[in-house]
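Asker: One structure is given below, represented as structure tokens, and several questions about it will come after.
Now the structure itself:
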């Protein structure tokens, strides 16, 4: 009896694994170069709410090879002016009505234990209809610790939840859709969940997707807008939005006479360009997070460039080279970022709540780690000034 049972189990496993993921770029490995700033600012096929959220820069998930990951701000327990954030994408294929599907993803909480996250499947693009996200008729899925299906490491866990499709689903959104605030308990500040290896597959069925799957993924990858309002993923929604806009307000007709100069076309203003200051490794004590007093004047000169300027948000990003283990490099990059944050608050009197620190260890090198000179370039702290 053991052999037939083993064959059945292997067959079931193969059926499940053969089902194709209906979410593009679920491991967030492919990075998008945005149209507005011409930099890597998001994952291909995924979009954010708001357009410039906290923690939009992402590192890697460590034990999940060296893939990039995404994150969302699920709650803000103390910092003024910063709201929850979300990521969403469009499904590559329509879901079949009354069929069961399984959503799977890995999550890691940066500030305390994982409590819950919502998954919203909707027939509208979430960014353009935010009020619909919380309407009473829509009940999002809720992933809690009971949905954990693995414990590969203490800080990252895999979760899975199944549901029955209505056949109307077009978009999938990840974030906190609770009407109540998360109680801070003993933790305060920003509660951020990191996300990786996201998938949506039919449950227990072999499925190769739909004929238009590749074309739909190509369209998602071709969309490089990440910071411009009123750009829809759905071409039908874009057309409808344009019709509504045209019916409300139209520019007056312009008559150009042959003896008069043509009207001057004024291009729209370019989006603001964020500045980045780099604090090199030499400004820190060797292999430590403390600043080197011998080079304090150089840091003062660097910071002097932004004195008397105001910013919506400042992100302080810590980086290391690849020497040492991951845990040590993570701690060092985090502590160095915190040191620079404290320096900014002390010298420039910036409010604490607009300065966010992130640690990336050795995951985002700017040079090779094979040479001493390259490793020194990788050991740095970046100050991203968001206007």
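In our numbering, the protein residues as written are 64 to 450. Note that beta-carbon positions come from the ideal geometry of N, C-alpha and C, so glycine has one too. On a predicted model such as this, the values are computed, not experimentally measured, just so you know.
1) Once DSSP output is grouped into helix, strand and coil, what is the label at residue 356?
2) For residue 395, which of 418, 166, 424 and 376 has the nearest alpha-carbon?
3) Report buried or exposed for residue 164, applying the criterion of at least 16 other Cβ atoms within 10 angstroms of its Cβ.
4) Would you mind sorting residue 408 into buried or exposed? The rule is 16 or more other CB atoms within 10 Å of its CB.
5) Could you tell me if residue 368 is buried or exposed, where buried requires 16 or more neighbouring beta carbons within 10 angstroms of its beta carbon?
6) Classify residue 433 as helix, strand or coil using the three-state DSSP reduction.
7) Using only the alpha-carbon positions, how far apart do residue 380 and residue 415 sit?
8) Taking residue 277 as the reference, which of 235, 154, 447 and 436 has the closest Cα?
9) Kindly indicate which residue of 187, 389 and 439 has the alpha-carbon position closest to the one of residue 236.
10) Could you tell me the distance, in whole angstroms, from the CA atom of residue 156 to the CA atom of residue 166?
11) When the Cα atoms are used, what is the spatial distance from residue 90 to residue 261?
12) CA-CA distance, residue 231 and residue 353?
13) Along the chain, where does the alpha helix (DSSP H) that runs through residue 390 open and close?
14) Please report the distance separating the alpha-carbon of residue 223 from that of residue 266.
15) To the nearest angstrom, how far is it from the Cα of residue 282 to the Cα of residue 210?
16) For residue 94, which residues of its own chain have a beta-carbon under 8 Å away from its beta-carbon, when the five flanking residues on both sides are left out?
17) Taking a contact to mean a Cβ-Cβ separation below 8 Å, would you say residue 339 touches residue 446 in this structure?
18) Taking a contact to mean a Cβ-Cβ separation below 8 Å, would you say residue 112 touches residue 169 in this structure?
19) Using a threshold of 8 Å, state whether the C-beta atoms of residue 263 and residue 84 are closer than that.
20) Write down the C-beta distance between residue 377 and residue 448 rounded to the nearest angstrom, noting that I regard them as a contact closer than 8 Å.
21) How would you call residue 375, buried or exposed, if buried means at least 16 neighbouring beta carbons within 10 angstroms?
22) Go to residue 282, then tell me how far its alpha helix (DSSP H) extends in each direction, as first and last residue.
23) Would you grab the beta carbon distance between residue 177 and residue 233 for me? Rounded to a whole angstrom, and I think it's under 8 Å.
24) Hey, quick one: how far does the beta strand (DSSP E) through residue 139 stretch, first residue to last?
25) With residue 347 and residue 399 assumed to form a contact (beta carbons below 8 Å), what rounded beta-carbon distance in angstroms separates them?
26) Could you spell out where the beta strand (DSSP E) holding residue 261 opens and where it closes?
27) Return the residue from the list 109, 391, 343 and 96 that minimises the CA-CA distance to residue 442.
28) For the candidate residues 364, 208, 390 and 384, whose alpha-carbon lies nearest to that of residue 433?
29) Using DSSP with H/G/I as helix, E/B as strand and the rest coil, what is residue 458?
30) Identify the residues that DSSP records as bridge partners of residue 225: which are they?
31) Taking C-beta to C-beta, are residue 240 and residue 183 nearer than 8 Å?
32) CB residue 173 to CB residue 255, shorter than 8 Å?
33) Can you tell me which of the three DSSP states residue 364 falls into?
34) Determine the burial state of residue 386: buried for a count of at least 16 other Cβ atoms within 10 Å of its Cβ, exposed for fewer.
35) Quick check on the DSSP output: the beta strand (DSSP E) that includes residue 190 runs from which residue to which?
Answerer: A quick look at the data gives this:
1) Mapped onto the chain shown, residue 356 falls at position 293. Helix at residue 356.
2) Mapped onto the chain shown, residue 395 falls at position 332. Comparing Cα positions, the closest option is 424.
3) Position 101 of the chain shown, counted from the start, is the residue given in the question as residue 164. Burial call: buried.
4) As a working mapping, residue 408 is identified with position 345 in the chain shown. The residue is exposed, with fewer than 16 neighbouring Cβ atoms inside 10 Å.
5) Numbered from its first residue, the chain shown carries residue 368 at position 305. Classification for residue 368: exposed.
6) The residue you call residue 433 lines up with position 370 of the chain shown. Reduced to three states, the DSSP call for residue 433 is coil.
7) Counting from 1 along the chain shown, the entry for residue 380 is found at position 317. Counting from 1 along the chain shown, the entry for residue 415 is found at position 352. Looking at the backbone, the Cα of residue 380 and that of residue 415 are separated by about 16 Å.
8) Counted from its first residue, the chain shown places residue 277 at position 214. Here the closest residue by C-alpha is 154.
9) Locating residue 236 in the chain shown gives position 173, where the first residue counts as 1. When C-alpha distances from residue 236 are compared across 187, 389 and 439, the shortest belongs to 187.
10) In the chain shown, the residue the question calls residue 156 occupies position 93. In the chain shown, the residue the question calls residue 166 occupies position 103. Each residue's alpha carbon lies about 15 Å from the other.
11) Locating residue 90 in the chain shown gives position 27, where the first residue counts as 1. Locating residue 261 in the chain shown gives position 198, where the first residue counts as 1. Cα to Cα, residue 90 sits roughly 6 Å from residue 261.
12) Within the chain shown, numbered from 1, the residue matching residue 231 stands at position 168. Within the chain shown, numbered from 1, the residue matching residue 353 stands at position 290. Approximately 55 Å, taken between the alpha carbons.
13) As a working note, residue 390 is residue 327 in the chain shown. Counting along the chain, the alpha helix (DSSP H) containing residue 390 begins and ends at 389-411.
14) Mapped onto the chain shown, residue 223 falls at position 160. Mapped onto the chain shown, residue 266 falls at position 203. Cα to Cα, the separation comes out at about 11 Å.
15) Indexing the chain shown from 1 puts residue 282 at position 219. Indexing the chain shown from 1 puts residue 210 at position 147. Those two C-alpha atoms are separated by around 33 Å.
16) The residue given as residue 94 occupies position 31 in the chain shown. Contacts found: 103, 105, 106, 107 and 131.
17) Within the chain shown, residue 339 is the residue found at index 276, counting from 1. Within the chain shown, residue 446 is the residue found at index 383, counting from 1. By the CB criterion at 8 Å, residue 339 and residue 446 fall inside the cutoff.
18) By 1-based counting over the chain shown, the position of residue 112 is 49. By 1-based counting over the chain shown, the position of residue 169 is 106. Not in contact: residue 112 and residue 169 (Cβ atoms no closer than 8 Å).
19) Reading the chain shown from its first residue, position 200 is the one you call residue 263. Reading the chain shown from its first residue, position 21 is the one you call residue 84. Result yes, Cβ atoms of residue 263 and residue 84 sit closer than 8 Å.
20) The residue given as residue 377 occupies position 314 in the chain shown. The residue given as residue 448 occupies position 385 in the chain shown. With 8 Å as the limit, residue 377 and residue 448 qualify as a contact, their Cβ atoms being about 6 Å apart.
21) Taking the chain shown and counting its residues from 1, one reaches residue 375 at position 312. Burial call: exposed.
22) Numbered from its first residue, the chain shown carries residue 282 at position 219. 276-285 is the extent of the alpha helix (DSSP H) around residue 282.
23) Walking along the chain shown from the start, residue 177 turns up at place 114. Walking along the chain shown from the start, residue 233 turns up at place 170. Not a contact, Cβ separation roughly 28 Å.
24) Here residue 139 is taken as the residue at index 76 of the chain shown, counted from 1. Run containing residue 139: 133-139, per the beta strand (DSSP E) assignment.
25) By 1-based counting over the chain shown, the position of residue 347 is 284. By 1-based counting over the chain shown, the position of residue 399 is 336. Indeed, because the Cβ distance is near 6 Å, the residues count as touching under 8 Å.
26) In the chain shown, the residue the question calls residue 261 occupies position 198. Segment 253-265, the beta strand (DSSP E) holding residue 261.
27) On the chain shown, residue 442 is found 379 positions in, with the first residue counted as 1. The shortest C-alpha separation from residue 442 is found at 343.
28) Here residue 433 is taken as the residue at index 370 of the chain shown, counted from 1. For residue 433, the nearest C-alpha among the options comes from 384.
29) As displayed, the chain neither begins before 64 nor continues past 450, which places residue 458 out of reach and without an answer.
30) In the chain shown, residue 225 corresponds to position 162, counting from 1. Residue 225 is bridged to 165.
31) Within the chain shown, residue 240 is the residue found at index 177, counting from 1. Within the chain shown, residue 183 is the residue found at index 120, counting from 1. Going by C-beta atoms, residue 240 is nearer than 8 Å to residue 183.
32) For this step, residue 173 is matched to residue 110 along the chain shown. For this step, residue 255 is matched to residue 192 along the chain shown. Yes, they are a contact pair.
33) Start at 1 with the first residue of the chain shown, and residue 364 comes out as number 301. In this structure, residue 364 counts as helix in the three-state DSSP scheme.
34) In the chain shown, residue 386 corresponds to position 323, counting from 1. Exposed, by the Cβ-count rule.
35) Taking the first residue of the chain shown as position 1, residue 190 is located at position 127. Here residue 190 belongs to no beta strand (DSSP E), and DSSP marks it neither H nor E.
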